[in-house]
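Here's the structure we're looking at; comments come further down.
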Amino acid sequence: MPRLNNPRVTLAIIAVALVLPLVIQNFLTFQLTLVLVYAIAIIGLNLLTGFNGQFSLGHSAFYAIGAYVAAMLMDKADFPYAMTLPVAGIACFVFGFLFGLPALRLEGVYLALATFALAVATPQILKLSPLEHWTGGVQGIVVNKPEAPFGLPLTEDQWLYYFTLLITIVMTVLAHNLVASRTGRAMMAIRDNPIAARSMGINIALYKSLTFGVSALYTGVAGALGAIVVQFVAPDSFTFFLSISLLVGLVVGGVGWIPGAFFGGAFVLFVPNLAESFSKGLSGAVYGVMIIVLIYVLPTGAAGLTRAASRWWRAKA
Amino acid sequence: MTPLLQVRDLHASYGSTRVLHGLDFALEEKGVTTLLGGNGAGKTTTLRALCGMIERRGEITFAGRSIARASTEDIVRMGVAHVPDGRGTFVRLTVEENLELGAITRRDRRAIAADLERVYGYFPILQKRRSQQAGTLSGGEQQMLAIGRALMLRPRLMLLDEPSFGLAPRVVQELFAILSTLNKDEGVSLLLVEQNATVALDLADHAYLVETGRIVFSGAARDIRQNEKIRRSYLGY
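As you go down the protein sequences, you meet chains H and G in turn.
For what it's worth, the numbering used here labels the leading residue of the first sequence as 460, then goes sequentially.
For what it's worth, the numbering used here labels the leading residue of the second sequence as 7, then goes sequentially.
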């Protein structure tokens with residue numbers, strides 16, 4: 460798998476990412492911020508599915524929990540928005556780890572079903588009237604948009620973009636290091652051959668639940684950032700469809716390749732809009748066709764494309 | 007002298023299907039013991055039961071300690087390396103990452119690096135392919151990788167599950183020569199499970215014949231090799 464270990468390429472990408480919001484419109488900046496948010500969530504899903512071989516159709520639930528933890532902390536406890544991220548992350552880690560424990564006995568389609576149940580149940584639980592005082596019920600919660608600190612001459616959208624970019628870079632580097640570590644190798648060994656991994660002395664139950672927890676943490680932080688950026692959480696923003704979108708982003712970016720999350724995030728944000736511009740009534744069908752064509756032409760996603768491109772580049776040089 | 011590995015009345019099952027019905031066998035320190043038998047005899051199950059990967063009952067003593075209730079991780083830490091059925095290659099990782107996984111329970115980084123070079127000394131082909139995806143290796147190379155990976159533990163005992171399976175005779179010979187070196191020069195005890203009785207009996211000093219989860223015969227490997235009746239009725243050659 461290609462890695463973004465070419466420092467020049469990485470620096471160039473970061474430079475572009477820093478300049479971009481200064482030259483584009485606010486709405487596009489807002490959309491790019493959401494791309495980064497999705498990318499963090501997709502990295503989380505990739506750690507679980509791409510590197511550990513566990514399926515999940517329930518990541519919308521972790522995203523929802525992260526978003527609601529952040530919104531409730533800001534709404535009810537006047538938490539500074541940046542401080543909601545670690546709390547949301549830890550809450551989702553604990554929840555993901557605990558969910559991962561019973562899920563240990565499930566594999567493949569059975570695990571997919573169990574996580575599907577989680578995705579379907581979460582929006583309904585958020586609507587429950589006994590919880591309405593905290594969750595706002597069907598109405599959800601509106602949160603305030605943070606302004607740029609220290610009198611920086613940035614619009615709110617620009618500031619949120621830079622804030623999200625910083626978090627994204629930190630989370631990406633951490634994920635990269637995790638995958639390259641001894642723990643990461645154990646995760647991948649379990650994916651490739653669980654029986655052999657066990658006979659090497661790897662505690663499969665522990666690593667699988669930990670991976671579930673870390674994966675949920677990433678997606679929860681993404682959810683919290685999403686809540687801050689969109690300034691609004693409601694149960695119906697976090698349906699099963701969000702889980703599928705993250706899965707689409709994972710496959711489009713490349714399973715088992717961390718930078719792929721950025722391609723995947725851009726795809727799930729922009730391509731449905733693009734499909735709608737073709738035909739309002741058939742946008743779902745157009746989106747579906749686009750996905751099918753992409754999987755046909757590029758089965759390994761952006762990862763395969765990048766690899767081919769860098770090979771071509773080197774051959775030319 | 008007490009043996010390195012002593013197994014008494016070993017039972018094991020997959021769910022409600024019983025596979026082992028009271029096995030007794032032993033392995034001397036620095037010895038080579040082989041369990042011979044056909045498909046479904048319970049050979050793979052025996053190895054899995056020894057390292058705690060499946061439900062088992064009975065007495066298992068390794069290096070003077072009972073391991074009948076120990077977890078797989080603890081058994082590995084005691085120096086029992088397993089070369090699993092079907093080689094157990096981590097197909098999408100590189101050759102070197104596969105080898106490093108053999109030492110995942112160890113913390114002594116320097117010694118691990120030295121052991122990596124030692125493994126490359128035994129299997130130069132693995133060094134040549136160190137950054138290649140392990141799934142792209144040939145069957146023989148993957149078997150070398152599995153043995154090399156087990157060596158990375160610095161094991162006292164190596165459990166080998168049909169290392170000759172599916173390999174060309176010349177490759178089998180090469181592998182068994184290396185196993186013999188590991189046993190003689192490095193003092194690694196070997197418990198070898200095989201269908202290929204000829205090569206197994208050449209390497210082993212002691213042999214047990216297993217049939218449907220029971221030991222039906224045991225003795226010195228030399229004697230079994232020369233016993234025509236046993237060869238005909240159990241080993242089929």
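By construction, the Cβ of each residue, glycine as well, lies at the ideal position given by its N, Cα and C atoms.
Residue range of the alpha helix (DSSP H) that includes residue i
i: Phe489(H); result: 485-508
i: Thr142(G); result: No alpha helix (DSSP H) contains Thr142(G), which DSSP labels as neither H nor E.
i: Ala725(H); result: 719-737
i: Ile661(H); result: Taken as a continuous stretch (DSSP letters only), Ile661(H) belongs to no alpha helix (DSSP H), as it is neither H nor E.
i: Met630(H); result: 615-639
i: Val86(G); result: Run containing Val86(G): none in the alpha helix (DSSP H); it sits in the beta strand (DSSP E), 86-89.
i: Ile524(H); result: 518-536
i: Arg770(H); result: 760-775
Beta-carbon separation (whole angstroms), residue i vs residue j, contact threshold 8 Å
i: Arg155(G); j: Leu198(G); result: That belief does not hold up - the Cβ atoms of Arg155(G) and Leu198(G) are roughly 17 Å apart, past 8 Å.
i: His212(G); j: Ala226(G); result: 6 Å
i: Gln513(H); j: Lys667(H); result: 7 Å
i: Val25(G); j: Gly44(G); result: At roughly 14 Å, the Cβ-Cβ gap does not stay under 8 Å, so Val25(G) and Gly44(G) are not in contact.
i: Ala76(G); j: Gly64(G); result: In fact, because the Cβ distance is near 13 Å, the residues do not count as touching under 8 Å.
i: Ile184(G); j: Tyr128(G); result: 6 Å
i: Glu200(G); j: Ser170(G); result: 6 Å
i: Thr670(H); j: Leu506(H); result: 6 Å
i: Ala18(G); j: Gly94(G); result: Not confirmed; about 19 Å, so no contact.
i: Met531(H); j: Trp593(H); result: 6 Å
i: Glu79(G); j: Gly660(H); result: 5 Å
i: Gly555(H); j: Ser736(H); result: Not quite, the Cβ-Cβ distance comes to about 37 Å (not below 8 Å), so this is no contact.
i: Gly525(H); j: Thr678(H); result: 7 Å
Beta carbon of residue i nearer than 8 Å to that of residue j
i: Tyr620(H); j: Pro731(H); result: no
i: Asn189(G); j: Val13(G); result: no
i: Cys551(H); j: Leu676(H); result: yes
i: Leu624(H); j: Leu493(H); result: no
i: Val577(H); j: Leu706(H); result: In the sequence as displayed, the identity of residue 577(H) is Leu instead of Val. No, the pair does not count as a contact, with Cβ atoms beyond the cut-off.
i: Met4(G); j: Val125(G); result: Shown here, chain G extends from 7 to 243; a query on residue 4(G) therefore has no answer.
i: Leu563(H); j: Pro694(H); result: no
i: Thr40(G); j: Ala210(G); result: yes
i: Ala529(H); j: Ala541(H); result: no
i: Arg162(G); j: Ser195(G); result: yes
i: Gly708(H); j: Tyr497(H); result: yes
i: Asp534(H); j: Val579(H); result: no
i: Val101(G); j: Arg71(G); result: no
i: Ile717(H); j: His635(H); result: yes
i: Ile663(H); j: Ala655(H); result: no
i: Leu42(G); j: Ala206(G); result: yes
i: Gly712(H); j: Ala648(H); result: no
i: Phe31(G); j: Ile221(G); result: yes
i: Phe726(H); j: Ser519(H); result: no
i: Pro608(H); j: Glu615(H); result: no
i: Gly724(H); j: Ile483(H); result: no
Start and end residues, beta strand (DSSP E) containing residue i
i: Leu99(G); result: Neither: Leu99(G) is in no beta strand (DSSP E) and is coded neither H nor E.
i: Met59(G); result: Counting along the chain, Met59(G) falls outside any beta strand (DSSP E), and DSSP gives it neither H nor E.
i: Arg14(G); result: 11-20
i: Phe31(G); result: 23-33
i: Met164(G); result: 163-167
i: Leu198(G); result: 195-200
i: Phe223(G); result: 220-226
i: Thr78(G); result: No beta strand (DSSP E) contains Thr78(G), which is instead part of the alpha helix (DSSP H) from 78-83.
i: Leu209(G); result: From DSSP, Leu209(G) is part of no beta strand (DSSP E) but of the alpha helix (DSSP H) over 203-209.
i: Val216(G); result: 212-217
i: Arg40(G); result: This sequence places Thr at residue 40(G); Arg is not what is there. Where Thr40(G) is concerned, the enclosing beta strand (DSSP E) stretches over 38-42.
Identity of the residue in the options nearest residue i by Cα
i: Val597(H); options: Ala681(H), Tyr527(H), Leu506(H); result: Tyr527(H)
i: Ser658(H); options: Leu29(G), Arg54(G), Leu41(G), Thr50(G); result: Arg54(G)
i: Val86(G); options: Gly58(G), Val97(G), Thr95(G), Glu103(G); result: Gly58(G)
i: Thr469(H); options: Leu611(H), Ile499(H), Thr631(H), Val553(H); result: Thr631(H)
i: Phe538(H); options: Ala776(H), Ala683(H), Pro653(H), Pro718(H); result: Ala683(H)
i: Leu491(H); options: Phe721(H), His518(H), Phe737(H), Pro758(H); result: Phe721(H)
i: Val478(H); options: Leu557(H), Leu613(H), Ile524(H), Asp534(H); result: Leu613(H)
i: Asn511(H); options: Met646(H), Leu701(H), Leu611(H); result: Met646(H)
i: Tyr214(G); options: Leu29(G), Leu10(G), Leu11(G), Met84(G); result: Leu29(G)
i: Arg766(H); options: Gly724(H), Leu728(H), Gly719(H), Val727(H); result: Gly719(H)
i: Asp91(G); options: Ser224(G), Thr52(G), Ala69(G), Arg98(G); result: Thr52(G)
i: Val688(H); options: Val475(H), Phe489(H), Ile649(H); result: Phe489(H)
i: Val177(G); options: Gly193(G), Gln149(G), Leu166(G); result: Gln149(G)
i: Leu105(G); options: Leu132(G), Arg113(G), Arg116(G); result: Leu132(G)
i: Arg641(H); options: Leu99(G), Thr8(G), Pro130(G); result: Leu99(G)
i: Leu544(H); options: Thr574(H), Tyr755(H), Ala681(H); result: Ala681(H)
- Task: Select from the stretch 97-118 of chain G all residues with a C-beta closer than 8 Å to any C-beta belonging to chain H, and list them in chain order.
- Result: Under the 8 Å Cβ criterion, the stretch 97-118 of chain G contributes Val97, Arg98, Leu99, Glu103, Glu106, Leu107, Gly108, Ile110, Thr111.
- Going along the stretch 652-667 of chain H in order, which residues come within less than 8 Å of chain G, judged by CB to CB distance? Asn652, Ile654, Ala655, Ala656, Arg657, Ser658, Met659, Gly660, Ile661, Asn662
- What residues in the stretch 122-143 of chain G bring their beta carbon closer than 9 Å to a beta carbon of chain H? Ala140, Gly141
- Task: Closer than 8 Å, Cβ to Cβ, to anything on chain G: give me those residues from the stretch 625-654 of chain H, in chain order.
- Result: Arg641, Arg644, Ala645, Met647, Ala648, Arg650, Asp651, Asn652, Ile654
- Task: Output, in sequence order along the chain, the residues in the stretch 71-86 of chain G whose CB is closer than 7 Å to any CB in chain H.
- Result: Legend: CB atoms of the stretch 71-86 of chain G lying less than 7 Å from CB atoms of chain H belong to residues Thr78, Glu79, Val82, Arg83.
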